[in-house]
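Step one of this worksheet: look at the structure below.
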Amino acid sequence: MADAATAELLLAVAAGDVPRVRAALADGADVNARNEADATPLDVACGEDRLDVVTCLLAHHRMDVAKASPMLLWTVCERGAGAMVAQLLAHPTTNPMTLLPSGWNVLFALCSTPRMAEMLSLFVDHPRVDWNVPIHGETPLQRAVQEQAWHYVAVLLQDPRVHVNVFVVHGVHTCSRQKRTTLLHAACDANDADVVVALLRRPDINRHCQIKNQGTAFAWTVVRRNRAILELFLALPDDDINLPNNDGMPPLHLAIDYHDDDHIAHRLLCEPHLRRDATNALGNTALHMASQRGWTSLVEALLGDNVNVQNAAGDTPASVALLHGQYDLALRFYRDFGARVNTVMSNGLTPLLCACQHGHLALVRVLLASPWLERDVTDQHGNSAHMLACYTDPRVFFALWTIRDDEMAATNEVGRTILHVACEYGRGAVVAALLPRTMNDVNAPDADGSTPLLLACTSNHGAVVAQLLAVSEVDTDRADKVRNVLALRGHASVVAALLSVHANVHAIDNDGNTPLLVASVANHASVVAQLLSDHSVDMTKTNKDGRMALHVAARAGHVRVLQLLLEARPAAIDLRSADGTTALMEAVDHRKPGAVTFLLRHPCIDANAVDKDGNTALMRHCMRSSNYDVLEALLSSPKVDINRRNHAGATALALACHANDPMLAAQLMQRPQLDVSTIDASCGHIALAVACALQYVYVVRKLLSSPEMDVNYRDASGLTTLLQVCLNEGNVKIVHLLLERPEIDTSVRDKHGNSALILATRQGHPGIVRALLAHGSCHVNAVNDAGSSALHDACQARNAVDLVPLLLRSPSIDVNCLDKKGQTPLMVACVSAADAVIDLLLDHPRINVSTSGHEHFGPLQIAVRQRAVEVVTRLIQHPTAVVEVAYEWVFLAWVRAVNNQHLPLLSALAARVDVNKALVMPDRSCDDEQRRARMASARPGASVGADLRWMHPKVKVEWVASTNRRECADATVASCKTGKNALMVACLFSNDAMVDLLMSQPTIDVNAVDMVHNIVICVQR
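Note that the sequence shown covers residues 179 to 1199 in our numbering.
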């Protein structure tokens, strides 16, 4: 009876019939029974969202909610059925802390899911809910904070049992941005006023907890500039407004240090119990920090008896303002706020020295107005206020003009007086004011021996130099040692001033350079022009290397300087250095094409002047690494003799060859002015290689006529002349000349193992191949490192139709040779789709079309894959062809033959395949959806009629044949999906000849059916 009642209960719950449910329960039904789906009546009722049935079930005294599905409560919450959740929570057997299959409980799931605040509120104050039980190390409150669901946090805080002094992980969900902090800190950081209010109302909240780099929550609120939350803290009777953070900074200091305005700081100053004189770890008060920021209004609000208070470094607020460039505020400190004017700052300067150093005239005047100012002070380098003023602003100097004679003669740590400083920095007005009082010290040297005149010269202050030179007491002889420095730096105005007093223009430095030499090297044309304007200048003076100004300018490539020097003395162009070089040679040796071109255009130039070895500028260039621009400049000049010989009898071409520079030799050999009679065996193998590359047959014949010429010489790349000719655009006549030499080695290989025959074949040179084959020592079957022979390369080379017959005529040719990839020449020809070459190979008596280095992969398979039906037909018909029915490619060839209606191939294959087999093939491990998506994206709108490579959606087969015929109707195309055989397709095409051919086969089955049970007659209809 009970079992029948339980069955009735399950049916009634499923039907949602409340009276039947009550009747079944009254008959003793098991309210916790399970149906075939392992669901209790309560699970079913909740799943059907039948609140009335749930109410009825929960009212039963034997109801045990714990026996229902552990997902029941979460499923109802997720659906948003608040009334049903409330009834479930009210039942005494409901356990809200039950773990879900995911390892969480309902509380965690709610805190991690959006839009669940209403459901979450139903669990607040529930007696069986413990909000402080961690799962995987965190509570629901911590989970809500990590998800930044602050409205969930506000709901949880309504339950007084929730622990609020917990640490939470707050921030962006990346390991580098998350931080561990308190709940109060996190709420302040999120600027959520509701949560902050709820936390501050909790009596157990710890507001004084310090977090590293943040301090208390109030301090962090100040840093974050959350003004609304700031007012919440300030409204508390026992706020922590003076509590410093871990770095010792109280909130007022944080407000000044972290903000771009002073609004927060002014708000804190309104609090009566704020400690304004609090200091941080550096001893700075709020006044120090406000002075550093330059906030005048805040400084005025903080002013009191602490205007001269010093921090740990000894700086007052006024000093801090000066050190940080707040000069206007510093001026007010000294003028209006009574700051001390003689305080030594942490940088060792007094306010007066600092104001002079930065050229702040208004501040200097304010300081000078103080009766307590001490003016006789210096910085740590011994500079007085007058010296510092000379560094920056002369107006400040004249504001300090009252100066004693002993101050005038005082020196700093480098031995410089005020006059030295004024001359070095070009303060002409100051120099003019000082000269009448410093006549006795006008030539005084500093610690480095520099006089005021020398300092003005090296600093390029021409006006100051003129002022000093106007004084008769100035010693100009001491400027000789710096004149070369002036020329090097291009100080033209100073040089002009010195020349005006007839200074020594031939003073030399430690390297023997005169000012003209130095200016020429440094390319200071204006200084060179000024020096040359002095008639006493001797431009033939040399330095210790024996070079004149013309030589150093040429080797540096300074065309403008060369022009000035040659305008002053045109005949000096061929003057020689101590090494016997001319200016042209210097320019050529140092690769200065601009200078070379300029010198060659000069009318007085001797372009063929020689050095002590008899080498011209061109020869010297050929002996070194070549520069194209310099070579072009030399060869473009008609003045240069390209055929001249040096003392050893070598020409420029011979020198280029001896330097192992084939590119340079080729450029010389192509010049029309070259006398080919000068090319002989002394030029070496480089000349032979270049002549062969340029196809100069006469030159090659002349060089090969010499027994001294080594025709088998290898260059740096390992190539002989014969290999180079075969590799490049070869000349048959040159090949014949090379092969006439009895010692020629035709078996030589390059670094990849290629012989001359392989290279010539690869480059498509039938004439050269013919010449090599005619030479008795040429091995026609030689292979390279990849195992390829000349026949392999010929099958895919240009002029293959001419090359292959030449090789096939060789009686020893191996037509079935395998390379290291397992390919024969026939396979290479099939890959290249060279039909004419394939015909030539198939006509050879020793060809074997079944030879291959791979099992089940040879010429036939390649031709089938490339859809070369004609080639497949010829290969299958060849007597050496091995065709097995089991081979997949045989059936693929059959499908291609049917697809193309190729009767010869069909006839050749009919005896080797099952003619009744459906034209489908197993799918080659590709995903149906990806294949269809790829086809749709590549050819939008394409259907089966456009491409019958069709993937069957259920049996995963690939339609291989394609009807792609315009006359094929949609219905016919649709019927091609159903696995028809060749005879059915022939009927679809209405190809009578194809039908006759297939019907002639003894194994044909005219009653075969396709996937939709159609026979041939149905298809034909």
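We treat Cβ as the ideally placed atom computed from N, Cα and C, and that holds for glycine.
Everything numeric in this text was worked out from a predicted model, so none of it was measured.
Which class does S884 belong to by DSSP, given the choice of helix, strand or coil? coil
Per DSSP, the bridge partner or partners of E316: I313
Would you tell me roughly how many angstroms separate the C-alpha atoms of C995 and E886, rounded to the nearest one? 40 Å
Proximity to L796 [Cα-Cα], best of L813, D807, C782, I783: L813
Span of the beta strand (DSSP E), counted from its first residue to its last, around H239: H239 -> no beta strand (DSSP E), and no H or E assigned at all.
Just the C-alpha distance for P279 and A259, rounded to the nearest angstrom, thanks. 21 Å
Using the three-state DSSP reduction, which class does K357 fall into: helix, strand or coil? strand
Burial state of E296 (16 or more Cβ within 10 Å): exposed
Unbroken alpha helix (DSSP H) runs of length 4 or more, entirely within the region 190-267: which are they? 196-204, 219-225, 229-236, 250-257
Could you tell me whether any Cβ in chain B is nearer than 8 Å to the Cβ of L1084? Among the chains of the structure shown, chain B does not appear; only one protein chain is present.
Taking the beta carbon of D230 as the centre, do at least 16 other beta carbons fall within 10 Å, making it buried, or is it exposed? exposed
Three-state class that DSSP yields for S814 in the structure shown: coil
Hey, which unbroken runs of the alpha helix (DSSP H) at 4 residues or more fall wholly within the region 442-524? 464-471, 474-480, 495-501, 505-513
Does the beta-carbon distance from V1009 to I1054 come in below 8 Å? no
Closest by CA to V1060, which one among A1046, Y874, T1029, E1048? T1029
Please classify L251 as buried or exposed, where buried requires at least 16 other C-beta atoms within 10 Å of its C-beta. buried
For S497, tell me which candidate among S475, L476, E478, N462 has the shortest Cα-Cα distance. N462
Assuming L1019 and V1050 form a contact by the criterion Cβ under 8 Å, report the distance between their Cβ atoms to the nearest whole angstrom. No, L1019 and V1050 are not in contact; Cβ-Cβ is about 15 Å, not under 8 Å.
Does the Cβ of R405 have 16 or more other Cβ atoms within 10 Å, making it buried, or fewer, making it exposed? exposed
Excluding the five sequence neighbours on either side, which residues of its own chain have a C-beta within less than 8 Å of the C-beta of N909, listed in chain order? C870, Q873, V875, V903
Give every residue of the same chain whose Cβ lies closer than 7 Å to the Cβ of A830, excluding the five residues on either side of it in the sequence, and list them in chain order. L796, M797, C800, I820, L846
Got a sec, what are the start and stop residues for the alpha helix (DSSP H) F286 sits in? 284-289
When you compare each of A468, P415, H348 to V389 by their alpha carbons, which one comes out closest? Looking at the sequence provided, one finds Ile at residue 389 rather than Val. I389 has its Cα closest to that of H348, out of A468, P415, H348.
Looking only at its own chain, which residues have a Cβ that is under 8 Å from the Cβ of H386, when we skip the five neighbours before and after it? T394, D418, L421
Identify whether V592 lies in helix, strand or coil by the three-state DSSP scheme. coil
Residue from L951, S990, R940 with nearest C-alpha to S966: R940
DSSP three-state label for D181, please. helix
Under 8 Å: do the region 285-304 and the region 320-332 share three or more Cβ pairs, one atom per stretch? yes
Leaving aside the five residues before and after M275 along the sequence, list all residues of the same chain whose C-beta is less than 6 Å from its C-beta, in chain order. N283
From C289, L984, A365, Y891, residue whose alpha carbon lies closest to that of F411: A365
Under three-state DSSP, which class holds G772? helix
Assuming F345 is part of the beta strand (DSSP E), what are its boundary residues? 345-348
The alpha helix (DSSP H) spanning P1003 covers which residue range? 1003-1009
Less than 6 Å between C-beta atoms, sequence neighbours within five positions excluded: which residues of the same chain meet that for C534? A563, L566, A567, V574
Do A867 and D893 count as a contact pair if the criterion is CB distance below 8 Å? yes
Using the beta-carbon count (16 or more within 10 Å), is E764 buried or exposed? buried
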